[in-house]
Structure formats: structure tokens, C-alpha cells
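Enquirer: So the sequence lines, in the order shown, correspond to chains E and Z.
Residue numbering for the first sequence follows the numbering used here, starting at 1 and increasing by one per position.
Residue numbering for the second sequence follows the numbering used here, starting at 244 and increasing by one per position.
Protein chains: 2
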Amino acid sequence: MTRLDHPATATGDAERDRRAERILDTASELLVAWGYRRVTIEEVARRSGVGKGTVYLHFHTKEVLFLTAVMRAQSVMTERLLQDMRADPARILPSSIARSIYLRIHEEPIIRAILTGDTDTLGTLSRTAPDHVGDLLEARERTLDTYFEVLREHDLVRTSPPVHLQRHALSAVLTGYLVIGPLTPYSTPDTETAADMLAHTVRSSFETGHHEDRLNEAVPRIIGLFQGLLERMNEEISRQKLT
Amino acid sequence: MTRLDHPATATGDAERDRRAERILDTASELLVAWGYRRVTIEEVARRSGVGKGTVYLHFHTKEVLFLTAVMRAQSVMTERLLQDMRADPARILPSSIARSIYLRIHEEPIIRAILTGDTDTLGTLSRTAPDHVGDLLEARERTLDTYFEVLREHDLVRTSPPVHLQRHALSAVLTGYLVIGPLTPYSTPDTETAADMLAHTVRSSFETGHHEDRLNEAVPRIIGLFQGLLERMNEEISRQKLT
DNA sequence: TCATGACCAAATAGATCATTTGGTCATGAA
DNA sequence: TTCATGACCAAATGATCTATTTGGTCATGA
């Protein structure tokens with residue numbers, strides 16, 4: 001429970017930022033464990049080793065605090081996707097991305113809650129999110145559209161359906177695999193197997209046989225695209241962290 | 244409001260059965276409009292033009308009444324699928340079935356509620372269903388497994404993944420398309436378009452290029468299969484209708 | 001300068017009471 | 001005798017009021 005002997009004034013931006021991160025850590029942890037409604041700011045403050053008022057020096061409201069926690073989780077996931085892409089060009093393909101997201105979600109319950117619209121843990125957050133970070137959500141949509149356009153230009157995905165339909169289809173399939181588990185009372189395959197099936201589904205319904213060359217050509221653009229989204233997210237996150 | 248001048252004792256099984264159907268009609272209607280929790284047996288009785296006690300002459304409990312209503316809706320849907328299959332062999336393919344189910348669900352809110360696990364309209368039904376009709380649910384799983392096996396024997400679907408994984412994948416994709424609509428706050432394509440995308444997804448990830456002959460060979464077996472399931476459902480339905 | 005916890009209004013949870021509802025069964029019509 | 005019915009009951013649900021908690025502020029003091 002006891003933190004620093006001297007909970008002294010945070011000297012410098014560095015210390016201050018570390019404290020903000022600690023608060024976000026606590027918020028994330030409690031969000032998953034208790035659900036938005038049941039977590040109090042005071043508890044977050046206590047577990048973060050700061051006073052209650054201090055939390056409000058970092059985040060406008062409870063809502064903003066938890067939304068930021070959620071955004072940070074997504075930012076981290078995007079960063080991982082980027083790492084993967086840099087290591088292996090094939091990782092830019094939708095099937096690989098879907099697979100990674102699916103697997104990651106099984107160890108990051110926050111993101112699962114977002115994507116599946118889990119109202120118990122998210123509470124009213126799911127309603128109010130668009131009011132606070134609507135721009136970001138739109139940006140994500142646009143990024144995905146451009147993503148498919150780029151893939152298309154390099155003959156890596158089918159060209160038959162319009163781009164926005166492909167995006168919709170990808171969301172639908174991914175969501176389906178995520179939601180089906182808790183929904184059906186009966187036998188579900190283990191995570192790894194399901195992830196492979198998901199990748200198979202996405203691959204066969206979106207992608208073409210890939211040419212190694214065309215793939216490599218596309219990599220920088222795709223990476224740039226997601227890098228842009230990542231920066232947009234981080235920007236939004238630090239915008240929420242006050243002063 | 245007024246029904247027969249003579250709400251007389253139901254003479255013969257025919258009249259009695261008509262009355263049961265009327266009660267099921269009312270129950271279905273109110274289930275969709277109000278949700279399980281808010282519907283009272285008395286209201287169902289009033290709207291069906293019978294006394295409250297009479298409802299209990301037909302169905303053991305409130306739960307059983309509404310479960311039967313739900314089963315009947317599924318039975319009707321299965322019947323339609325069978326009609327389609329008889330009219331056109333290609334309708335036995337998973338892509339076509341998925342498409343039909345998806346479209347039908349947009350005009351049959353009951354079934355949507357089931358498949359998407361809509362807890363607001365279904366209430367506690369979703370939890371308790373397996374206790375009452377667990378056998379039927381298992382039968383449906385087995386039927387789907389056999390369905391894929393038959394398709395496989397006629398070279399109509401891929402043979403790479405195990406059958407039960409294919410079933411799981413089909414459920415996942417269909418569920419995804421169903422759930423994604425209410426979930427995402429943003430642009431969704433219109434029903435018909437989404438249905439086509441769904442069919443495309445299912446076709447490209449499960450089916451092979453179909454030989455007309457092989458298709459026709461499979462038709463009778465597939466139809467028999469679903470016919471069996473249909474009978475199993477109707478059997479369960481009439482088992483619930485008392486005496 | 002800046003972290004803090006007492007403080008306030010508003011929301012939530014608890015407790016108590018009134019109403020409704022699922023399910024039964026004695027009654028009476030046919 | 002057969003069978004539909006609505007009064008009836010215990011249990012669940014909802015309404016209402018009170019006590020507590022909680023999000024958010026700000027005077028205080030390190």
C-alpha cells in the first residue's frame with residue numbers, strides 16, 4: 001500500500017507522466033476486474049498511491065480517465081501489429097491482422113470488452129464514447145478503408161466488392177469469432193485453433209494468391225498508414241492527459 | 244376483443260390445437276414487442292381470448308410457453324429452407340443457407356434475438372433453455388456436423404479443416420454479421436448487400452467450385468437431414484403442448 | 001506551486017411497504 | 001363427466017422513501 005516515502009510534488013514532466021501512467025494502469029486493471037460502474041475514483045487513487053484530487057489533475061472526468069485507458073490499450077495493440085509487420089511482410093495481410101487481434105484479445109480483456117460491446121464491464125462508456133473520441137473512431141474507419149485500397153492497388157485483395165463493404169465484412173467476421181465463444185453453450189475449439197480458422201476465413205474470402213514482390217512493395221505504405229493512426233491515437237491520449 | 248360468442252369447450256382436438264396456436268401467436272408477438280420479462284400470462288390469455296387458467300392447460304409454465312414459441316419460429320424457418328432446397332439444388336450450399344437465415348432474421352425478430360443472445364427480449368430464457376430443450380440443441384449440432392460431412396463426401400466443401408471446426412466457423416461468421424449491425428455506431432450496408440457479402444464470405448471460405456452433378460446427388464440426403472431435424476423440432480413442440 | 005482530503009450536490013444503494021404475477025384449484029357451465 | 005375459468009395464494013417485482021456513496025471542487029498547507 002505504502003508508496004514513496006515522499007509522495008512529494010512531482011518534479012519535472014517525467015515524474016508527472018509516470019504518475020499518469022500509474023493511474024491508467026490501475027484504472028485498466030479495475031475496469032476489467034470490476035466493470036466501469038463499480039470502480040470509484042477514490043479506489044483508483046488509493047491503489048495508485050495518490051490523493052483523489054490528484055486524479056483530477058490528470059483527467060477531466062471519470063469517463064475520460066477510462067476512455068483514455070481503453071485508448072491506450074488499443075494503442076499498444078496497434079504498436080504490436082506494427083512490430084509484426086516490420087518483422088514479416090506477410091503480416092500486413094488482413095488474415096494475419098485478424099489472427100493477431102483475435103489472439104491478443106484473449107489476453108487483453110479490455111479490448112475484448114470494446115469489440116464485443118460488453119455492456120457489463122463498459123457500462124455507459126459504450127454510449128458516450130463517440131461524444132469524446134468520435135473523431136478518432138472515424139479516423140480508424142478511414143484508415144481501414146485506405147488500408148484496403150492500398151492492398152487492392154497491389155493486387156493483394158479481391159477487387160470485386162467496394163472497399164467499405166470489405167471493411168464491414170472484416171469487422172463482421174472478426175466480431176463473430178469474438179462473440180461466438182461466450183454466446184454458445186456448447187463446444188468451442190481452443191483459442192489457437194479458432195484463430196487459425198479465423199485467419200483461414202479471412203484469407204479465403206478477401207485475399208488473392210500473394211506475389212512476394214507486390215507484398216513487399218505494399219509494406220511501407222501500410223506501415224505508414226497504421227503509424228499515422230497510432231500517432232493519432234497517442235495524440236488523442238495525451239490530449240486527455242491534462243496540462 | 245370479443246371472440247366467439249360461445250367460448251365453448253373446445254370440441255375435438257382440432258379446435259383445441261387451433262387455440263394452442265393462437266396462444267403461441269400472441270406469445271410470439273408480445274415476446275418481440277415487450278420482452279420476456281414484461282409479458283404476463285394474463286395478458287397473453289386476454290389477447291388470445293381465453294382464460295388465464297386455459298393457458299396452463301396447454302403449457303406447463305411461462306418458460307415452456309415462450310420456449311415453444313421460439314422453437315416454432317425456428318421450425319418455420321427450417322421449413323422454408325427445405326422449400327428452397329427442393330426448388331433449387333444450389334440452395335443446399337452453406338452460402339445460400341447463411342444468406343437465407345440472415346435475411347429471414349431481419350423480418351423475424353424472434354430468431355434474431357435467439358442467435359444474437361439478446362438478453363433484453365429473451366431475459367432468463369437464454370440461461371434456462373438448455374435445461375428444457377438441451378437435447379434438441381444437441382440434435383441441431385449433430386445435424387450440422389452431418390450436413391458438412393455429406394457436403395464433403397460430394398466434394399462441395401473443402402476437406403482441410405475438421406467438420407466440427409467448419410460448423411463453428413459457419414456459426415461465427417453468421418453471428419458476426421448479425422451482431423455487427425446493432426454494435427457499431429457507424430455506417431452499415433443495407434440488408435440485401437450485407438446478405439450478399441455474407442454469402443460471399445461463406446462461399447469462398449467453405450465451398451469448392453461446385454459440380455452440377457455432385458450437387459444434385461447430395462440434395463436428397465441433405466433434405467432428408469434437415470427434414471429429420473424439422474421433425475425432431477415439431478415433435479419437441481407438440482411434446483410441450485400438454486395432453 | 002501543486003498535491004491533498006474535507007466538502008457538497010447528485011446519484012446510488014438499502015430498506016420497507018404495496019402491487020403484480022406465475023401457478024393452482026374449487027366452481028360451475030355444457 | 002369434462003373442461004374452461006377466474007378468484008386466490010405465496011413469491012417475486014416495483015414504488016417510495018431514507019441513508020450512504022460517489023464524482024467532482026476548492027480552500028488549505030506542505
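Note that beta-carbon positions come from the ideal geometry of N, C-alpha and C, so glycine has one too.
Specify, as a first and last residue, the run of the alpha helix (DSSP H) that E:S96 falls within.
Expert: It spans P94 to I105 - the alpha helix (DSSP H) in which E:S96 sits, taken as one unbroken run.
Enquirer: Rounded to whole angstroms, how far is the Cβ of Z:T431 from the Cβ of Z:G424, which I believe are closer than 8 Å?
Expert: Contact holds; Cβ gap of about 5 Å.
Enquirer: With respect to the alpha helix (DSSP H) encompassing E:E149, which residues constitute its N-terminal and C-terminal limits?
Expert: First-last of the alpha helix (DSSP H) with E:E149: L125 to E153.
Enquirer: When the Cα atoms are used, what is the spatial distance from E:D244 to E:H60?
Expert: Outside the shown range of chain E (1 to 243) lies residue 244 of chain E, about which nothing can therefore be said.
Enquirer: Using a Cβ-Cβ distance cut-off of 8 Å, determine whether Z:M314 contacts chain E.
Expert: False, the Cβ-Cβ gap to chain E never drops below 8 Å.
Enquirer: Run through chain Z and tell me which residues come within less than 8 Å of E:V165, C-beta to C-beta.
Expert: Residue 165 of chain E is actually Leu in this sequence, not Val. Within chain Z, the residues near E:L165 are P432, T436 and M440.
Enquirer: Is the beta carbon of Z:R342 closer than 8 Å to that of Z:A222?
Expert: Chain Z is shown from 244 up to 486; residue 222 of chain Z falls before or after that span and cannot be answered.
Enquirer: Would you call the stretch 212–221 of chain E and the stretch 146–162 of chain E touching, i.e. three or more CB-CB distances under 8 Å?
Expert: At 8 Å Cβ cutoff, the stretches touch.
Enquirer: Looking at the secondary structure, which residues open and close the alpha helix (DSSP H) in which Z:A333 lies?
Expert: Looking at the DSSP string, Z:A333 is not in any alpha helix (DSSP H), and its letter there is neither H nor E.
Enquirer: Which same chain residues, not among the five before or five after Z:A288, have their C-beta less than 7 Å away from its C-beta?
Expert: G294, K295, T297 and V298.
Enquirer: Between E:E108 and E:A195, what straight-line distance do the alpha-carbon atoms span, to the nearest angstrom?
Expert: Each residue's alpha carbon lies about 15 Å from the other.
Enquirer: Flag this pair as yes or no: are the beta carbons of Z:L274 and Z:I344 separated by less than 8 Å?
Expert: No, the Cβ-Cβ distance between Z:L274 and Z:I344 is not below 8 Å.
Enquirer: Using three-state DSSP, classify E:V39 as helix, strand or coil.
Expert: E:V39: coil per DSSP, three-state reduction.
Enquirer: Give me the Cα-Cα distance between Z:L365 and Z:Q317, rounded to the nearest whole angstrom.
Expert: Those two C-alpha atoms are separated by around 15 Å.
Enquirer: Thinking C-beta only, is Z:V422 closer than 8 Å to E:V179?
Expert: Contact flag set, yes.
Enquirer: Count the other C-beta atoms from every protein chain shown that fall within 10 angstroms of the C-beta of E:T159, then say buried if there are 16 or more, exposed otherwise.
Expert: Looking at its Cβ environment, which holds fewer than 16 other Cβ atoms inside 10 Å, E:T159 is exposed.
Enquirer: Can you pull the chain Z neighbours of E:T175, defined as C-beta to C-beta under 7 Å?
Expert: What E:T175 touches in chain Z: G419, V422, I423 and L426.
Enquirer: Mind checking who E:E207 pairs with in its DSSP beta bridge?
Expert: In DSSP, E:E207 forms a bridge with E:V157.
Enquirer: Would Z:T402 count as contacting chain E if we go by Cβ distances under 8 Å?
Expert: Not an interface residue.
Enquirer: Check the Cβ of Z:S447 against every Cβ in chain E and list those closer than 7 Å, keeping chain order.
Expert: Per Cβ cutoff of 7 Å: S204 and S205.
Enquirer: Can you list the residues of chain E that Z:H375 reaches, using a CB-CB cut of under 7 Å?
Expert: Chain E residues near Z:H375: none, gap ~13 Å exceeds 7 Å.
Enquirer: 8 Å is my cut-off, CB to CB: does E:T201 come that close to chain Z?
Expert: Yes, E:T201 counts as interfacial toward chain Z.
Enquirer: Can you tell me whether Z:A372 is buried or exposed? The criterion is at least 16 other CB atoms within 10 Å of its CB, across all chains shown.
Expert: With 16 or more other Cβ atoms within 10 Å, it is buried.
Enquirer: Of all the alpha helix (DSSP H) runs that stay within the bounds of the stretch 405–438 of chain Z, which reach a length of 4 or more residues?
Expert: Here the runs fully enclosed are 406–426.
Enquirer: Would you tell me roughly how many angstroms separate the C-alpha atoms of Z:H411 and E:T243, rounded to the nearest one?
Expert: If I take the Cα positions, the gap works out to 50 Å.
Enquirer: Comparing alpha-carbon positions, which option in Z:V319, Z:P404, Z:D361 and Z:A333 lies nearest Z:G452?
Expert: Among Z:V319, Z:P404, Z:D361 and Z:A333, the Cα nearest to that of Z:G452 is on Z:A333.
Enquirer: My understanding is that Z:I466 touches Z:L325, with C-beta atoms under 8 Å, so please give their C-beta distance in whole angstroms.
Expert: Contact holds; Cβ gap of about 6 Å.
Enquirer: Rank E:R22, E:T201, E:S28 and E:D213 by C-alpha distance to the C-alpha of E:I114 and give the top, closest one.
Expert: Nearest option by C-alpha distance: E:S28.
Enquirer: Terminal residues of the continuous alpha helix (DSSP H) containing Z:L472?
Expert: From DSSP, the alpha helix (DSSP H) with Z:L472 extends over E455 to Q483.
Enquirer: Are any of the Cβ atoms in chain Z nearer than 8 Å to that of E:H168?
Expert: So, interface residue.
Enquirer: I want to verify the contact list: residues of chain E whose CB lies under 7 Å from the CB of Z:L415, in sequence order.
Expert: Sequence inspection shows Ala at residue 415 of chain Z; the Leu mentioned does not correspond to that position. Ordered by position in chain E, the residues that pass the 7 Å Cβ test against Z:A415 are G176, Y177 and I180.
Enquirer: Buried or exposed for E:A33, going by 16 or more other Cβ atoms inside 10 Å?
Expert: E:A33 is exposed by the Cβ-count criterion.
Enquirer: Jot down the residue ranges of each uninterrupted alpha helix (DSSP H) in the stretch 19–77 of chain E, minimum 4 residues, whole runs only, in chain order.
Expert: Within the stretch 19–77 of chain E, the complete alpha helix (DSSP H) runs of at least 4 residues are 41–48 and 52–58.
Enquirer: So Z:D363 is in the alpha helix (DSSP H); what residue range does that whole segment cover?
Expert: Note, Z:D363: alpha helix (DSSP H), T362 to L365.
Enquirer: Using beta-carbon positions only, say whether Z:D388 and Z:H407 come within less than 8 Å of one another.
Expert: Yes, Cβ-Cβ distance for Z:D388 and Z:H407 is below 8 Å.
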